[in-house]
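Asker: Numbering (the UniProt record's numbering), first residue to last: 1 to 1271.
1. Closer than 7 Å to a non-hydrogen atom of the ligand NAD - does that hold for the CB of residue 339?
2. What are the boundary residues of the alpha helix (DSSP H) that includes residue 630?
3. Give me the Cα-Cα distance between residue 667 and residue 388, rounded to the nearest whole angstrom.
4. From the DSSP output, in three-state form, read off residue 504 for me.
5. Are residue 738 and residue 724 closer than 8 Å when you measure CB to CB?
6. Starting from the Cα of residue 438, find the closest Cα among 579, 875 and 181 and give me that residue.
7. So what does DSSP say about residue 978, is it helix, strand or coil?
8. Can you list, in chain order, the residues of its chain whose CB lies under 7 Å from that of residue 121, leaving out five sequence neighbours each side?
9. Once the 5 residues before and after residue 413 are set aside, which same chain residues still bring their CB inside 7 Å of it?
10. Tell me which same chain residues have a C-beta within less than 6 Å of the C-beta of residue 639, skipping the five on either side of it?
11. May I ask which residues mark the beginning and end of the alpha helix (DSSP H) holding residue 82?
12. Kindly indicate which three-state DSSP category residue 1273 falls into: helix, strand or coil?
13. Take every Cβ of the stretch 222 to 241, pair it with every Cβ of the stretch 268 to 277, and state whether three or more of those distances are shorter than 8 Å.
14. Which one of 377, 542, 292 and 440 has the shortest CA to CA distance from residue 588?
15. What are the boundary residues of the beta strand (DSSP E) that residue 27 is part of?
16. Please list, in chain order, all residues of the same chain as residue 1180 whose beta carbon is under 6 Å from its beta carbon, the five residues on each side excluded.
17. Note down, in chain order, each residue of its chain lying with its Cβ closer than 6 Å to the Cβ of residue 101, except the 5 sequence neighbours on either side.
18. Helix, strand or coil for residue 545? Go by DSSP, reduced to three states.
19. By the DSSP assignment, the alpha helix (DSSP H) with residue 383 in it spans what residues?
20. Kindly say whether residue 225, judged by its beta-carbon, lies nearer than 8 Å to any beta-carbon of chain B.
21. Beta carbon of residue 241, beta carbon of residue 434: below 8 Å?
22. DSSP three-state call for residue 46: helix, strand or coil?
23. Helix, strand or coil, according to DSSP, for residue 777 in the structure here?
24. Can you tell me the Cβ-Cβ gap for residue 550 and residue 569, rounded? I've got them flagged as a contact below 8 Å.
25. Compare the C-alpha of residue 62 against each of 12, 350 and 215 and name the closest.
26. For residue 824, count neighbouring Cβ atoms within 10 angstroms of its own Cβ and tell me buried if that reaches 16, exposed if not.
27. Look at the alpha carbon of residue 201 and the alpha carbon of residue 513, and state the distance between them as a whole number of angstroms.
28. With DSSP as the reference, label residue 89 as helix, strand or coil.
29. Would the beta-carbon of residue 39 fall within 8 Å of that of residue 659?
30. Output the distance between the C-alpha atoms of residue 969 and residue 987, rounded to the nearest integer angstrom.
31. Give the range of the beta strand (DSSP E) segment to which residue 589 is assigned.
32. Which residues mark the beginning and the end of the alpha helix (DSSP H) in which residue 663 is found?
33. Below 8 Å between beta carbons: does that hold for residue 410 and residue 349?
34. If we count Cβ pairs, one from each stretch, closer than 8 Å, do we get three or more for the stretch 497 to 507 versus the stretch 452 to 471?
35. Pull up the distance between the alpha-carbon of residue 187 and that of residue 134, whole angstroms please.
36. Three or more beta-carbon pairs under 8 Å between the stretch 205 to 216 and the stretch 320 to 329, yes or no?
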């Protein structure tokens, strides 16, 4: 009687597409096995299904082998509390079945956890992405130092277990890595070897490094791109890692199985040939030497794919290949022999075979075939030997070519394996070894041939070993737990192996068929059908009625249908003797060694020796059987660890899992079978604690251990041992269906209790709802009352506020009226006060403006007069310019008329006589000569002008030097005057001691004081009268115009020189600064010219000019201080404007004019001396010093009263005088490059470094006139 599925139970339902889908039981029809479920599909949607457990198709889907089981009572249950990352060891699942394994592996795969344990088996799902943290360096030591149970599942734990067992037990170890193409077997093998190399000595040893780095060589020669995998291994490989006594890795040895030789000559379109062929084609210069063209088409490789393998191009892989070959001692020359052999295979595939024109039954190589020529040259053959070996047999020549190509590549691959073994192995130091088997997984295609037969045969042998090991594991577990058992039934595949490898098995029958003269696949099939029908059951091998060349073998994973056509050819696969002789006749040593005859190779006996005679042939099947037997013997002598690789999907996605593909691989890998074996007697097991936790509702109260509590619970549930359960030391084991029955009881009990809880909960909810409704009604009533009271209160408050607002408004308006009145009064007062202030301000402002206008008029009037004078001069110049322009126009007009007349005359002359042309040319030559002479004269004038300029500059510098000398002379005279003053002072003291002062003595200081008057005094304006600047004796002095010097007079008499010298001495002690903004003082000074200078100097009322400076004696300030401070020093420290600069320029011009006059006067005196007035003939003022001093003293005593003695402290510096102003239109600017001053005239469009003056302007005008004058 079947168990009833409780509604709400979580289970799995079978599905044709997705194999298993999670579901929840809705209900079950009473008395039937029809279960209604809510199913969750893969895309996340849900649907309802009815599953009938009596249906044969449903039972076939649940069995996993396509065969319906006898009876199915329940659907497989889902495991509870598996967590977000699933269960690490699936052997601990409460419900261990195919669906639970599928969804647990899927959960971990989507969480990027590719490894999961099933007991000692490690299931590795290809993540299709790099998980760098999972293979970091610290993970190697972590899995070596910590127990396996404390770390997450990893393939490192498998390698560590093998390594530790080898060291502790002293027994060799093996790790079997299996899986279908694309599942990651090769990568897993490399990860295992890398980990073993790391924990067994690190990467410092050269041998270890060589073992790791040489591994890609076998991949390049034995791997190819297939539909399922870009780097699929097309051979089996058993790598033996060699360790010494202390566990250090010392070497490695590799053995290969069943290379897919047919791939050399043909493959499907999306796939590729072996990687090494594409590397050689894309090898660059090497390909050119091998006569290979990447753009050419080769029959053996078909359409060339540009896909990158492992993220690198074929050229990059070729460089790795060359580097790894060098690492194992294969130099460049030897490598070229290898590349030539591989290129020769490609060229063999392109050989063109045609029928012989002389004999249609024979074939021959096409004449001039480039592929044949290249193959012959690369392989060291002769055309005759190749022609004879390929075309002299009854079999087709292209079949011979393909057989030769496969043989050559197979020999190359075997040679490479031997070379790697010789380079890496160290048998002398080896004490133990760990073998890593990377072999092809179970294959089941639409068309299965001899290769699939051999692969599945190898997997059957490995599955037998795997089943035996799992069975032993179960036995050990039962013994450790103290479980009583007699025999565990499990599927044994020995019958399948007998069909294949028995004395009358398939391999032996193939050998017998090859011995026959006319052996064929049909004969083979008839023999095997007749034998197996008698010996074996249909459960092992079947023969479809639809075909005579097909047979089905029911392997452990699934039944496989094989096509017998091609079995004999592939099974034989021996090289014809003449083809072997052809390759041994090569002149290349490398190819000769490849085809050396080995001791076990025996040539075929003559066929005519005996009909049906025996042949000692070494067939592929026999070799594979022997190798597999040797491999199994090696594995039987070791402790084995298993790694099952799973391919999650066919699209190489890291987040998609195809259920059908994964379940098929789990079945093929034997994982499901191992679980069935492990759960054969007691499939369900739980620890005592887990069982008590799950069924705590039934546990009776009271003390006791976990085991005692479980026993009490079993007694309460009335379960018998050992028919239904057995109690182990740490776990409790249940027979099939017992745990499901307990689960059904628990669910029914929980359902009953849940209904009671629901009843109580519904009553509680209704009571709670009523109380909440009552509370809400009371709350609403109180709220309504509150609203009404608030409405009455708000109405009263609003009326009260309105009354208060009106009263406050009346009072406020009264206060506002009073404030407004006060505010208006204040505004009136402000306006009246402002009016009075404005009247007063306007009146004062008018007075101030009038005074300012008068002052400005007074100040600007001299400037206006000067400007007016300049304007007049400019007007005069404009008039003259206009006159010149008019004159120029008249001259041009007259010239034009003359030109017209001349032209008319010339035309008349030309009309009259042609001989005038010669005379005109002569006249033209004369004019040209005159023009050249004028140019020469002009150049001479220009040179004279330059010389004159140079001479003028020299004269100016000489005059400046003379002026300096005169200054020094003046200083020396001043010193003499000071000495005379000192003597006069002494005389005054004597007179004061001896008697009254003399008149003459009192006049001497006056003379000295007069001499020390203002230094170089200059008139303030050009229009000052002559008598204002008259000399001390009343005679007319020279006009000192500092700008034009047009009114200066230079008398040539000696008295004139003396008077000039006196004036020089006066101006040496008196200096008047040019006045520009203090013209009122100058005017006041000039208004009273009769006023003495002493009175002006001592005028306290401010009538003396403000720009009048004098040296004051220090006695007026202090009695003992001899230092003197002048007003000029105090003013020089103040900042100066551009007007001051202009004044300084006028002062300097005045000084230069005065210097010129002094020089002329002195030169005039010198001329008079030459006429007889002087005897010593000296030209300086040194000879006149005494007479000048005497005349100056006499004039000063006669004109001025006595004044205090002034002792000057310093001389006047001529360089500090102001410069002459710039002419009109000129501006001074500073260069940004060198900081120098340059001058610009925008009107004349001139720019120069030299400072312009009136003389330079005159010279420029004259030069311009000369240029404008017609030549």
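Even glycine gets a Cβ: it sits at the ideal position worked out from N, Cα and C.
Answerer: Considering the structure as presented:
1. Ligands are entirely absent from the displayed structure, and the ligand NAD is therefore not among its contents.
2. 620 to 636
3. 52 Å
4. coil
5. yes
6. The shortest Cα separation from residue 438 among 579, 875 and 181 belongs to 181.
7. Helix, per DSSP.
8. 642, 644, 671 and 674
9. 221, 222 and 259
10. 165, 171 and 173
11. First-last for residue 82: undefined, no H or E at that position.
12. Nothing in the structure corresponds to residue 1273, since the chain is present only between 1 and 1271.
13. yes
14. 377
15. 19 to 28
16. Reliability of the predicted coordinates at residue 1180 is poor, the pLDDT of 38 falling under 50, and the value obtained from them is presented with this limitation in mind. Hits under 6 Å: none found.
17. 90
18. coil
19. 383 to 391
20. Given the protein chain composition of this structure (a single chain), no chain B is represented.
21. Between residue 241 and residue 434, the CB-CB gap stays under 8 Å.
22. strand
23. helix
24. That pair is no contact at about 17 Å.
25. 12
26. exposed
27. 53 Å
28. strand
29. No; because the gap between Cβ atoms is not below 8 Å, this pair is not in contact.
30. Distance from the CA of residue 969 to the CA of residue 987, rounded to the nearest whole angstrom, comes to 27 Å.
31. Note, residue 589: premise wrong, no beta strand (DSSP E); alpha helix (DSSP H) at 589 to 594.
32. Looking at the DSSP string, the run of the alpha helix (DSSP H) that includes residue 663 is 659 to 668.
33. no
34. Contact annotation: the stretch 497 to 507 touches the stretch 452 to 471, with at least three C-beta pairs closer than 8 Å.
35. C-alpha separation (whole angstroms): 14 Å.
36. yes
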